[in-house]
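Protein chains: 2
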Amino acid sequence: MAFSEYRPLNEKSLIEYIKAEPSLSSKLGNSLDDIKIKEVGDGNLNFVFIVVGPAGSCVIKQALPYVRCIGESWPMTKERAYFEALALREHGRLSPEHVPEVYHFDHAMSLIGMRYLEPPHIILRKGLTAGIEYPLLAEHMSEYMARTLYFTSLLYRSTTEHKRAVAECCGNVELCRLTEQVVFSDPYKVSQYNHWTSPYLDRDAEAVRQDNALKLEVAELKSKFCERAQALIHGDLHTGSVMVTHESTQVIDPEFAFYGPMGFDIGAFLGNLILAFFAQDGHADQVNDRKTYKEWILRTIEETWNLFHKKFIALWDEHKDGSGEAYLPAIYNNPRRIVGVAHVEDFNQSRMLANEQIVSSRLLK
Amino acid sequence: MAFSEYRPLNEKSLIEYIKAEPSLSSKLGNSLDDIKIKEVGDGNLNFVFIVVGPAGSCVIKQALPYVRCIGESWPMTKERAYFEALALREHGRLSPEHVPEVYHFDHAMSLIGMRYLEPPHIILRKGLTAGIEYPLLAEHMSEYMARTLYFTSLLYRSTTEHKRAVAECCGNVELCRLTEQVVFSDPYKVSQYNHWTSPYLDRDAEAVRQDNALKLEVAELKSKFCERAQALIHGDLHTGSVMVTHESTQVIDPEFAFYGPMGFDIGAFLGNLILAFFAQDGHADQVNDRKTYKEWILRTIEETWNLFHKKFIALWDEHKDGSGEAYLPAIYNNPRRIVGVAHVEDFNQSRMLANEQIVSSRLLK
Ligand SMILES: Nc1ncnc2c1ncn2[C@@H]1O[C@H](COP(=O)(O)OP(=O)(O)O)[C@@H](O)[C@H]1O
Ligand SMILES: Nc1ncnc2c1ncn2[C@@H]1O[C@H](COP(=O)(O)OP(=O)(O)O)[C@@H](O)[C@H]1O
Ligand SMILES: [Mg+2]
Ligand SMILES: [Mg+2]
Ligand SMILES: [Mg+2]
Ligand SMILES: [Mg+2]
Ligand SMILES: [Mg+2]
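If you read the sequences in order, they're chains A and B.
Going by full-length UniProt numbering, the first sequence opens with residue 1, and the numbers climb by one from there.
Going by full-length UniProt numbering, the second sequence opens with residue 1, and the numbers climb by one from there.
Here it is as structure tokens:
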């Protein structure tokens, strides 16, 4: 076949590629004449092409063997596309309304074909900057997190299924290492990849580097991140990995997916909302002081957590006699109480991770 | 080759097998005429043959595709021999004085050839029943645990090495499931495999089944056992997995090895010493009231923990600028303090596991 070996595509070779792939050309209604292709990879890592024709559309995402925003000097395995496709499919199966459908995956090419999230979908981070309220955001994100995390955990699965899946996802170690570095290590030391608003935040950055109590907490969290295979987490669930309209919420870009602590996803999302809250003062002007909007963000944070908690426990209740092996119902016959305690610990972890995300996002551009 | 497919060996076919294996026959000085073979598998799972000739000796351990002490009605993968060989080699590399050397491993046959721990080596559990003091036990076991656990953890290793090893050991899931069942589940419910001294302990067994606070603790520990890939643990470190003389301490039988919480090994060993302590009154007679011996056991428990703690931290100090990624020295520049906190948590976990072992060992024969 023409594309049996890896090569990075461009607007032109992409058309040839789509022509040769029925699973993709069928999505464009097999009419590839008036097709428009636009590379929109505003992300840090990969190429993303939007492909729109008169009879259909799709998005093609291809991984490169390095970190795009840094360049070839920072190599990064293109195998990440495999784990992104795996997570899109698994999370999509569990929460189909909030994950774009995967049409096609080409391992050799590190290439994913998926549903085009057509306008007015925009990246949530941009919507938050623009001051737009999304009334269903908390409902949707809590649904997505509760279902993807519950059903890939040992509360639902047998250890046989779990260990098989954990072993496979150990393969995504390079991406895990990137998180270990940029989230759990670099912010707490002098590193060439740290950026902050200098000189205004110089003292804050220095204070973080000197804060032994904080570093101790973070060391504990880093260990959990590296060691605790709790559920198939997204691994990069900031507000730049969510696309939204008033009616729709779609989670993209799970290339950092692996079996890790649930709190890492929950904390990343809530932490990014907290960051968005603090950023509002910078967007305020005479027409809009953003006061009402800040209240909406706070409400959304609270509702996301409360709904997540409610939905997660409802799933647990619903499946309590199932194959999940972490808490056998025949033994642990007091589920409410257990849930109560488990909840407190998860919440602490989420809260710490939220704090942690604030610190690191403030230091990392 | 004659033995390229699995078949269980007996005293006779074993001789043929050894003849065909230079790595084994050389250990017997290549003189296989006056050889004596004795099957001594007093264990629950496998066949163990002691092979002694005029010019040398070895032990051959072969896994069967079921649980030996139950019979073919409880199938159990013979792949466990692979993980036993892996752990014997890895732990042997790290603590060569306390692990018998592996001479030979045959994957297809699920067969390990290793050093014969010649008399006066006996199983520690028997020595404890006989009331024999082992003055070097705490020193040796703390050394073994500190080195095997430290060097296979993220305090020493990079996450790249760690995740590769974790993934491989996920394959030992059937043995992990056996522990999950007999240590973390069965003792807390009515199960056909539970045994206790009836009717004397009937009320104790019932009390365990009703103790919600205990079951909640155990649920938390079970989650850690299933999820936390902290170090390559032995997985079955009771006093029946240790062979001793006055001068020598040897750890055998790591077929349950996988990446799990360090506390599981430490707690299993200390918990079994506590059990031995309580069992002494049953062995007391008019000649020996076992009082001094009970004090020796208590001292050994304390010393094992204190020496483990000291040695583990010494290893950490020694390698603090190495490749270990859990606590980067450049960041967490206050190691003493971190160690202090980490220690408290590990200790709690060990203590809980020790308690837990007592409960389950009391209920499981
Ligand atoms: N399925 C999609 N539909 C529409 N736009 C998309 C889709 N996937 C990605 N994009 C656009 O491409 C950008 C980069 O995609 P992303 O998956 O986040 O790549 P990266 O891994 O490089 O960050 C997104 O911010 C979004 O604007
Ligand atoms: N290397 C050895 N040297 C001497 N005796 C051994 C050796 N390995 C095992 N044994 C004897 O065989 C018994 C069973 O071995 P073990 O490895 O514990 O098997 P199992 O996995 O079936 O419990 C031990 O209790 C011990 O008496
Ligand atoms: Mg992205
Ligand atoms: Mg990405
Ligand atoms: Mg044994
Ligand atoms: Mg055994
Ligand atoms: Mg804890």
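Positions of the beta carbon are idealized from the N, C-alpha and C atoms, including for glycine.
In the DSSP assignment, what residue or residues form a beta bridge with residue 232 of chain A?
As a position in the first sequence, residue 232 of chain A is number 232, starting the count at 1. Residue 232 of chain A is bridged to A/259.
Which same chain residues, not among the five before or five after residue 154 of chain B, have their C-beta less than 7 Å away from its C-beta?
By 1-based counting over the second sequence, the position of residue 154 of chain B is 154. Here the set comprises 162, 324, 325, 326.
Chain A contact for residue 325 of chain B (CB, 8 Å cutoff)
Here the question's residue 325 of chain B lines up with position 325 in the second sequence. Yes - at least one Cβ of chain A is within 8 Å of the one on residue 325 of chain B.
Neighbour-count burial assignment, residue 193 of chain B, 16 or more Cβ in a 10 Å radius
Taking the second sequence and counting its residues from 1, one reaches residue 193 of chain B at position 193. Its Cβ having fewer than 16 others within 10 Å, residue 193 of chain B is exposed.
Let me make sure I understand the geometry here. Which of B/81, B/65, B/10 has the alpha-carbon closest to that of residue 36 of chain B?
Mapped onto the second sequence, residue 36 of chain B falls at position 36. It is B/10.
Residue 173 of chain B versus chain A: which residues are under 8 Å apart at the beta carbon?
Numbered from its first residue, the second sequence carries residue 173 of chain B at position 173. Near residue 173 of chain B (Cβ distances below 8 Å), the residues of chain A are 159, 160, 163, 164.
Since residue 233 of chain B and residue 265 of chain B are thought to touch, with beta carbons under 8 Å apart, how far apart are those beta carbons, to the nearest angstrom?
Residue numbering aside, residue 233 of chain B sits at position 233 when the second sequence is read from its first letter. Residue numbering aside, residue 265 of chain B sits at position 265 when the second sequence is read from its first letter. Contact holds; Cβ gap of about 5 Å.
So is residue 230 of chain A in contact with chain B if we call contact Cβ pairs under 8 Å?
Here residue 230 of chain A corresponds to residue number 230 of the first sequence, with the count starting at 1. By this cut-off, residue 230 of chain A is an interface position.
For the alpha helix (DSSP H) that residue 145 of chain B lies in, which residues bound it at each end?
Translated into the one-based positions of the second sequence, residue 145 of chain B becomes position 145. Here the alpha helix (DSSP H) through residue 145 of chain B covers 137 to 151.
What residues in its chain sit with their C-beta under 6 Å from that of residue 18 of chain B, if we drop five residues either side in the sequence?
Mapped onto the second sequence, residue 18 of chain B falls at position 18. Cβ neighbours of residue 18 of chain B beyond the five flanking positions: 24, 25.
Have a look at residue 296 of chain B and residue 135 of chain B and give me their C-alpha separation to the nearest angstrom.
Translated into positions along the second sequence, residue 296 of chain B becomes position 296. Translated into positions along the second sequence, residue 135 of chain B becomes position 135. Roughly 9 Å between the two C-alpha positions.
Listed by chain order, chain A residues near residue 36 of chain B by CB distance under 8 Å:
Position 36 of the second sequence, counting from 1, holds the residue named residue 36 of chain B. In chain order: nothing, as chain A lies at least about 42 Å away.
Since residue 167 of chain A meets chain B, which of its residues come closer than 8 Å, beta carbon to beta carbon?
As a first step, residue 167 of chain A is located in the first sequence; it is residue number 167 there, counting from the start. The answer, in chain order, is 166, 167, 168, 170, 171.
Give, in chain order, every residue of the region 196 to 226 of chain A whose Cβ lies closer than 7 Å to some Cβ of chain B.
212, 215, 216, 219, 222, 223, 226
C-alpha distance - residue 33 of chain A paired with residue 14 of chain A, whole-angstrom precision:
Position 33 of the first sequence, counting from 1, holds the residue named residue 33 of chain A. Position 14 of the first sequence, counting from 1, holds the residue named residue 14 of chain A. Taking the straight line joining both Cα atoms gives about 13 Å.
Beta carbon of residue 76 of chain B, beta carbon of residue 174 of chain B: below 8 Å?
As a working mapping, residue 76 of chain B is identified with position 76 in the second sequence. As a working mapping, residue 174 of chain B is identified with position 174 in the second sequence. Contact: yes.
Against chain B: residues of the region 176 to 187 of chain A by CB proximity under 8 Å:
176, 177, 180, 185
Flag residue 149 of chain B as yes if its beta-carbon sits less than 8 Å from any beta-carbon of chain A, otherwise no.
As a working mapping, residue 149 of chain B is identified with position 149 in the second sequence. Chain A, which has no Cβ nearer than 8 Å to the Cβ of residue 149 of chain B, makes this no.
For residue 189 of chain A and chain B, any beta-carbon pair shorter than 8 Å?
Against the first sequence, residue 189 of chain A aligns to sequence position 189. So, interface residue.
Sheet register partners of residue 366 of chain A (DSSP bridge)
Past the edges of chain A, shown from 1 to 365, lies residue 366 of chain A, and the structure says nothing about it.
What are the start and end residues of the beta strand (DSSP E) that includes residue 75 of chain A?
Within the first sequence, the letter at position 75 stands for residue 75 of chain A. From DSSP, the beta strand (DSSP E) with residue 75 of chain A extends over 71 to 75.
Closer than 8 Å by beta-carbon distance: list the chain B residues that pair up with residue 154 of chain A, in chain order.
Mapped onto the first sequence, residue 154 of chain A falls at position 154. The contacting residues are 223, 226, 227.
Put residue 106 of chain A into one of helix, strand or coil per three-state DSSP.
Numbered from 1 along the first sequence, position 106 holds the residue referred to as residue 106 of chain A. Correct three-state label for residue 106 of chain A: strand.
Under 8 Å by Cβ, that's how I've got residue 239 of chain A and residue 141 of chain A pegged, so tell me the actual separation to the nearest angstrom.
Residue mapping note: residue 239 of chain A aligns to position 239 of the first sequence, counting from 1. Residue mapping note: residue 141 of chain A aligns to position 141 of the first sequence, counting from 1. About 10 Å; that fails the 8 Å criterion.
Straight-line CA distance for residue 120 of chain A to residue 276 of chain A?
Indexing the first sequence from 1 puts residue 120 of chain A at position 120. Indexing the first sequence from 1 puts residue 276 of chain A at position 276. Each residue's Cα considered, the two are about 21 Å apart.
Under the three-state DSSP convention, the category residue 193 of chain B falls into:
Here residue 193 of chain B refers to the residue found at position 193 of the second sequence. It is coil, neither helix nor strand.
Using a Cβ distance threshold of 8 Å, determine whether the region 182 to 189 of chain A contacts the region 220 to 233 of chain A, with at least three qualifying pairs required.
yes
Which residues does DSSP pair with residue 47 of chain B in a beta bridge?
To locate residue 47 of chain B, count along the second sequence from 1; it is residue 47. Paired residue(s): B/62.
Return no unless some Cβ of chain A is closer than 8 Å to the Cβ of residue 331 of chain B.
Position 331 of the second sequence, counting from 1, holds the residue named residue 331 of chain B. Closer than 8 Å to some Cβ of chain A, the Cβ of residue 331 of chain B qualifies, so yes.
Please report whether the beta-carbon of residue 86 of chain B lies at a distance below 8 Å from any beta-carbon of chain A.
One-based indexing of the second sequence puts residue 86 of chain B at position 86. False, the Cβ-Cβ gap to chain A never drops below 8 Å.
Quick one, are the C-beta atoms of residue 83 of chain A and residue 257 of chain A less than 8 Å apart?
Counting from one through the first sequence, the residue named residue 83 of chain A turns up at place 83. Counting from one through the first sequence, the residue named residue 257 of chain A turns up at place 257. Yes; because the gap between Cβ atoms is below 8 Å, this pair is in contact.
Find the residues of chain B that neighbour residue 328 of chain A, judging by a C-beta separation of less than 8 Å, and give them in chain order.
Here residue 328 of chain A corresponds to residue number 328 of the first sequence, with the count starting at 1. In chain order: 185, 189.
Report yes if the C-beta distance between residue 108 of chain B and residue 6 of chain B is below 8 Å; otherwise report no.
As a first step, residue 108 of chain B is located in the second sequence; it is residue number 108 there, counting from the start. As a first step, residue 6 of chain B is located in the second sequence; it is residue number 6 there, counting from the start. Yes. Within cutoff.
Could you tell me whether any non-hydrogen atom of ligand 6 is closer than 7 Å to the CB of residue 124 of chain B?
Position 124 of the second sequence holds residue 124 of chain B. No.
Residue burial classification, residue 147 of chain A (beta-carbon count within 10 angstroms, cutoff 16)
As a position in the first sequence, residue 147 of chain A is number 147, starting the count at 1. Looking at its Cβ environment, which holds 16 or more other Cβ atoms inside 10 Å, residue 147 of chain A is buried.
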